[in-house]
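**Student:** Shown below is the structure under consideration.
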Amino acid sequence: MKDSYNIFNVLFDPDLMQKATKITEKFFFEGRERYFQNEIKTSKETYKCLKQYLDFLMRQVKKRMSQHSKYSLIYYFRRILSNMLQTYDNTEWKQEEIKTFKTELLWFVWFSNRITLAAIKYGRSSLDDLQNFSFKHKGFSEYIELNQLTSKYSVDLHVTLSLMWEWDKIRYCMKRLARGGKFIWRNRNKFEFDIIMEPNIKNLVNIFDTRVNSTDNLLNIQGSWAPMITSFEFPLPSSRGIYKPLHIWPKAFSINSGALSYYLPIVLTLLPNISNQGSDLGWRDPTTNQLIPSPSWIFHWYRLDFILPRIELFRGVIKKYLEFSGRTNYEPEDLILTLSAITQYSINAGLNNDKCWYQIFSYGYSIWNDPYELLKHKVLPEYRNLKKISLGKTSSKGDWESLKSVIEDIKWNEIQYKNLNILRYSPINLILPIDKNIWLIDWSLMLHVILDLTKSYGRIFGTVAILKGFELERTLSEYFKSNFQTLGISLWWLGQGAKNKIRFHAGGVRDIDIGIIVDDHLLILEVKAYSGRWDLYLNPDPNMLKKRWEKKIKPAINQVDTLSERLSIEIEGKNFKIPCDVRWVVPIVCSPFVEWIPSYNQKWWLYKNIPRVCTPDEIFEIIEQIKKGNSPNYKLPVARTS
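For what it's worth, this note's numbering labels the leading residue of the sequence shown as 418, then goes sequentially.
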């Protein structure tokens, strides 16, 4: 056996793997035997045992991390690397990639980027331990020497990775236990156990998931409710189809690039497919008719005709975020069109190249050689075509500069590596330059690049957070002011400013953000833009949802209710009057977030699928329903003396 190994020898040498596996199993059995030897009767006892076992694993990991600098680096990449150890099984294809793409360096750069994906996927609570370890990245050259490890360290690296993998699984078990899971032994003699979810947890999920009514959505297809809500998906996925999930082998998906124009391409997004592990779902390979297990990703075609209107609606919010965050101050639609053009080119290339499909659909990335040539001659035409289809704008000389400015903003560079902040999940970039002429496109981060643009909706900091609510109210007011004739509504009140408050004859001054009249209904909109952690949507916890409901959402509804009740009684004040033909006052909270409503009580719902705290898109749906003669379920009658 050679005395030194490159990183691929370390990861895939079968002799080293076998030796490391025996050492690791010894640790697993020792720890489990020590902490699970007694009969466990309560969840509290189970949690305590899991915590002790977790601490035991971490002590072993830290011991090895102090022995070699490589382990400290690997600590950050443990989830991604563990997945690779599981899924890489095509040696011939792998060796070809090694020779072609300088894989050792490619892996390192890819891992650096996907720290962010791991943070988003597992939630902030899984990252507390990272705060004790420094992470420095001054560029590639500093870590070039890490591709050489002695055989002793190679075995230890395997052991360390396996311990980290086990540590992650136990953390996941603890999360499931905290959400109402039940501890069971699978094999007492080998100390193999699992945490299963009890039926009442499924009922709780259903209560919090009342806004999903379609049978053709991610929840029903995949059985996974956590990653389906994003800032763009309002209203929630319905028969109109904001995305199109793919669950088939690419060759069986007999569709050419022209047919995809129906969905107006098209941001290819990969979300963690945690629900299919161990199931019989998969892709059907038409050449062998074999069922191939589903990969660890769910694929979506995001429709531009759904995304772009939201970009327009929240242009002010997004532009301020770009300005204050120091990002290139391009137009938001330039980013969306660029992402879509990159995707469209990759799809076209993949339809004619099995290897491209294999990269994208099995491993979630694409490799580009001579990237700027590809951008200019392949991606730019797609960009201009999408611009014409989606925005009705013709090509211009500035298209190339717009495309390049976005590309530079979503490409990793030295400054962004230095500013990497794992707790804030920032920055998030799609393109990883391996060297001057080789780029890696990480499709798994596509959705999060878009979310990063719209961070104004949620977890933002500093000046932008202060301006967010005001900017959302201003944007909506401007939209109604510009489109009230098209919408068939009347403007009754637009707040915006300390002087623009309503004053009652009986005393009292109150703010009204927006008041619009639709037929005989007066809609009173209270605009709220509460911040929320990303894992509120990507990895929600029932307790977190309940707290948000009790502390923020419910008080906001009560606030607009109190104002609306007074308006329905005192229909005329010092500076306002409700028109004679208005019969109903409808109190509404408007938020950029899709909020969870934990009750079927009609008090919290305007329509079957639209709650009283709703998104701007749903405001337009409410207007449409009223115009059709469908009055909201919750409304207050206007008190008339005659």
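Yeah, the Cβ is synthetic: ideal placement off N, Cα and C, and Gly gets one too.
On a Cα-Cα basis, can you pick out the residue from P1004, L1053, Y1017 that is closest to R1029?
**Tutor:** R1029 has its Cα closest to that of P1004, out of P1004, L1053, Y1017.
**Student:** Per DSSP, which one or two residues make a beta bridge with D611?
**Tutor:** Bridge partners of D611: I601.
**Student:** Tell me where the beta strand (DSSP E) around Y1024 begins and ends.
**Tutor:** Element bounds for Y1024: 1022-1024.
**Student:** My output table needs one value for P1049: the three-state DSSP class, helix, strand or coil.
**Tutor:** Coil, per DSSP.
**Student:** Quick one, which of I1014, W1001, P1015 has its alpha-carbon nearest N1050's?
**Tutor:** With distances taken between Cα atoms, N1050 lies closest to W1001.
**Student:** Would you kindly work out how many angstroms separate the C-alpha atoms of L1053 and I1039, rounded to a whole number?
**Tutor:** Each residue's alpha carbon lies about 16 Å from the other.
**Student:** Run through the DSSP bridge pairs and tell me what N786 is partnered with.
**Tutor:** BP columns for N786 point to I855.
**Student:** I'd like to check one pair, L756 with I806: are the Cβ atoms closer than 9 Å?
**Tutor:** Against a cut-off of 9 Å, the Cβ pair of L756 and I806 comes out as no contact.
**Student:** Per DSSP, what kind of secondary structure is H938 in: helix, strand or coil?
**Tutor:** It is a strand residue.
**Student:** Express the C-alpha separation of A973 and D859 in angstroms, rounding to a whole number.
**Tutor:** Roughly 40 Å separates the two Cα atoms.
**Student:** Could you name the residues of the same chain whose beta carbon sits closer than 7 Å to that of D611, not counting the 5 residues immediately before and after it, in chain order?
**Tutor:** So the qualifying residues of the chain are I601, R603.
**Student:** Rounded to whole angstroms, what's the CA-CA distance from E583 to W856? Just pull it up for me.
**Tutor:** Rounded to the nearest angstrom, the two C-alpha atoms are 33 Å apart.
**Student:** Whole angstroms are fine: how far does the CA of I587 sit from the CA of Q1019?
**Tutor:** Roughly 41 Å separates the two Cα atoms.
**Student:** Please name the residue, chosen from L754, W909, K736, L474, that lies closest to V999 on a Cα-to-Cα basis.
**Tutor:** Nearest C-alpha to V999: W909.
**Student:** Taking the straight line between their C-alpha atoms, what separation do you get for R605 and E456?
**Tutor:** The straight-line gap from Cα to Cα measures roughly 10 Å.
**Student:** Could you please give the first and the last residue of the uninterrupted alpha helix (DSSP H) stretch that includes S807?
**Tutor:** Where S807 is concerned, the enclosing alpha helix (DSSP H) stretches over 797-808.
**Student:** On the criterion of 16 or more Cβ atoms from any shown chain inside 10 Å, does A758 qualify as buried, or is it exposed?
**Tutor:** When all chains shown are included, A758 counts as buried.
**Student:** Note down the Cα distance separating K1044 from L893, rounded to an integer number of angstroms.
**Tutor:** Rounded to the nearest angstrom, the two C-alpha atoms are 20 Å apart.
**Student:** Name the two residues that bound the continuous alpha helix (DSSP H) containing P972.
**Tutor:** Counting along the chain, the alpha helix (DSSP H) containing P972 begins and ends at 971-986.
**Student:** When we look at the beta-carbon of F608 and count the other beta-carbons within 10 Å, is it buried (16 or more) or exposed?
**Tutor:** Buried, because 16 or more other Cβ atoms sit within 10 Å of the Cβ of F608.
**Student:** Is A1056 buried or exposed, if buried means 16 or more other CB atoms sit within 10 Å of its CB?
**Tutor:** Looking at its Cβ environment, which holds fewer than 16 other Cβ atoms inside 10 Å, A1056 is exposed.
**Student:** Drop a sphere of 10 angstroms on the beta-carbon of H938, count the other beta-carbons inside from all chains shown, and report buried for 16 or more, exposed for fewer.
**Tutor:** So H938 ends up on the buried side.
**Student:** In angstroms with no decimal places, state the Cα-to-Cα distance between Q469 and T441.
**Tutor:** Spanning the two alpha carbons is a distance of roughly 18 Å.
**Student:** Helix, strand or coil for S907? Go by DSSP, reduced to three states.
**Tutor:** Looking at S907 - three-state DSSP - the assignment turns out to be strand.
**Student:** State yes or no: is the C-beta of F444 within less than 9 Å of the C-beta of L580?
**Tutor:** Yes, Cβ-Cβ distance for F444 and L580 is below 9 Å.
**Student:** Excluding five sequence neighbours on each side, which residues of the same chain lie with their C-beta closer than 6 Å to the C-beta of E825?
**Tutor:** There are no such residues.
**Student:** If we ignore side chains and look at the alpha-carbon of each, how far apart do M863 and E967 end up?
**Tutor:** When rounded, the distance between both Cα atoms is 33 Å.
**Student:** Let me check understanding here. Comparing Cα to Cα, which of L791, K804, Y464, A923 lies closest to C590?
**Tutor:** The candidate whose alpha carbon is nearest that of C590 is Y464.
**Student:** Can you give me the C-alpha to C-alpha distance between G912 and K1025, rounded to a whole angstrom?
**Tutor:** Roughly 29 Å between the two C-alpha positions.
**Student:** Are G981 and I941 close, meaning C-beta to C-beta below 9 Å?
**Tutor:** As written in the sequence, residue 981 is Ser, which differs from the Gly given in the question. Yes, the pair counts as a contact, with Cβ atoms nearer than the cut-off.
**Student:** Quick check: what's the CA-CA separation for Q1042 versus P749?
**Tutor:** The straight-line gap from Cα to Cα measures roughly 31 Å.
**Student:** When we look at the beta-carbon of K810 and count the other beta-carbons within 10 Å, is it buried (16 or more) or exposed?
**Tutor:** Under this definition K810 is an exposed residue.
**Student:** If you compare alpha carbons, which of G932, L808, N992 is closest to D751?
**Tutor:** Taking only the C-alpha atoms, the option nearest D751 is L808.
**Student:** On the DSSP bridge assignment, give the partners of W1001 in chain order.
**Tutor:** H938, P1054.
**Student:** Between V935, M961, P788, which has its C-alpha nearest K853's C-alpha?
**Tutor:** Residue P788 is the option with its Cα nearest to K853.
**Student:** So if DSSP puts R927 in a beta bridge, which residue, or which two residues, is it bridged to?
**Tutor:** I919, per the DSSP bridge assignment.
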